[in-house]
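Residues in the sequence shown are numbered from 8 upward in steps of one, following our numbering.
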Amino acid sequence: MKDKDPKPDPERIEGESTMVTSLEELYPAASRGGVSKRAYLIVIAGNSVGEMYQIRKEEIRIGRDRSSDIIVTDVGISRAHARIGQKPEGDLFIEDLGSTNGTFVNGEQVKDRTLKDGDRIQLGRTTILKFSLSDDLEEGFQRRMFDSAVRDGLTRIYNRQYFEERLASEFSYAYRHFIPLGVLMMDLDHFKNVNDTYGHPVGDVVLRSVAATIQRIIRTEDMLARYGGEEFVILARNTDAPGALILAERIRSAVQEQAVPIAGGVVRITISVGTSTLENRNVGKPEELIAAADEALYHAKRLGRNRCVQATTG
């Protein structure tokens, strides 16, 4: 496993182009009536509905390739699909980069088109982005909507639906490029006893505490989600079978050592982990990767719990 990198700003779009400090500098038409607005692309259809990408550079590129500023893994997206740039007078425009399936604005296929607030941009078969000029209030509302759609209400980690969307895109990329991808399925041992003994409010505290512990261990590029009840799942990029097992053991050990404070004492709990990995196309579908990790998890349970088991795939 690689060392954990500093956590990046999820709103920041990296690249070589000059960064601007305000949209008025990039797009003067956005500041009218004394209200300063910023330019965004908002996903309104496809994977990650509700996600916002702020346009902070003089040019951003959209495509399937990992070097793109905005990566879209929808069916029909070209590696370099389209770009957004700035005209001399300050307006922003979108240009198709010779994509296989074209770029559409408000239902019309375009080579290039000046963007206006509210324009809908379709890329691929299902991805639609809305070009929006938003002030602080509108931005905050949109981000809260996205957050509520993709995060678990109790633990604040990602929810199962968003995990499954990410798994599909990550699996597709890893399979195509022969890059390993790890999945860890985790289940708290005898969690029902915690609820029965201390009550569900304490059980909720335990779930939040365990989620926070796991989140501190994984890397920035990994994804933790609540899969259901007391089950958690991790999607670990560029992680082979030995790496997945090492990560699983680190998590198991940390949870075992954790003492969750409650009124009048502490609660201790253990966790069982099953791992599976995509390596050299040993599995053909993301569902097979999940099923293998799930079977390994239940094998760990049958062996006595509080242990890690690695699936045999391929």
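Every residue, glycine too, gets a C-beta built ideally from N, C-alpha and C.
Given the structure is predicted, the values throughout are model-derived calculations rather than measurements.
Pull the bridge partners of residue i from the DSSP assignment, please.
i    : result
R275 : A266
G165 : First, the residue type needs correcting, since residue 165 is Tyr and not Gly in the sequence shown. Partner(s): R158, A232.
A46  : L140
Y243 : Per the sequence presented here, residue 243 reads as Ala, with Tyr not at that position. Looking at the DSSP assignment, A243 forms a beta bridge with G189.
I135 : A52, Q129
T284 : G189
G92  : E66, F100
E115 : V112
T121 : F100
E238 : D194, G235
M59  : I49
Anyone know if the C-beta pair for residue i and residue j falls short of 9 Å?
i    : j    : result
G212 : I278 : In the sequence as displayed, the identity of residue 212 is Val instead of Gly. Their beta carbons are not under 9 Å apart, which means V212 does not touch I278 by this criterion.
R233 : I128 : no
D85  : G105 : Correcting the residue type first, residue 85 is Ser in the shown sequence and not Asp. Against a cut-off of 9 Å, the Cβ pair of G105 and S85 comes out as a contact.
V280 : I253 : no
D81  : L48  : no
T320 : S260 : no
K274 : V201 : According to the sequence displayed, residue 274 carries Val and not Lys. For V274 and V201, yes; Cβs fall inside 9 Å.
V190 : A299 : yes
H306 : V316 : yes
E102 : A89  : yes
M193 : A251 : no
G83  : T107 : yes
I135 : V217 : no
Let's test the definition: count the other Cβ atoms within 10 Å of the Cβ of residue i and tell me whether it reaches 16, buried, or not, exposed.
i    : result
F198 : buried
D142 : exposed
R71  : buried
R68  : buried
A266 : exposed
R45  : buried
L33  : Any reading at L33 must be qualified, since the residue scores a pLDDT of 48, below 50, and its modelled position is unreliable; the value itself is stated next. Classification of L33: buried, given that the 10 Å Cβ count is 16 or more.
E264 : exposed
Out of curiosity, what's the CA-to-CA distance linking residue i and residue j?
i    : j    : result
K123 : K137 : 10 Å
K94  : F100 : 7 Å
R132 : G236 : 34 Å
S155 : R314 : 33 Å
N54  : G271 : 45 Å
R167 : E96  : 45 Å
S179 : S139 : 30 Å
Q116 : R73  : 25 Å
L242 : I186 : 13 Å
I221 : A52  : 31 Å
G311 : D196 : 10 Å
T162 : G57  : 20 Å
K231 : F239 : Reading the sequence as shown, one finds Leu at residue 231 and not Lys. Their Cα atoms are separated by approximately 7 Å.
K308 : T204 : 21 Å
| message | With three or more C-beta pairs closer than 8 Å as the rule, is the stretch 58–65 touching the stretch 167–177? | response | no
| Is there contact here, the stretch 109–122 with the stretch 142–149, by at least three beta-carbon pairs under 8 Å? | no
| query | Pairing CB atoms from the stretch 239–250 with CB atoms from the stretch 204–211, are three or more of them under 8 Å? | reply | no
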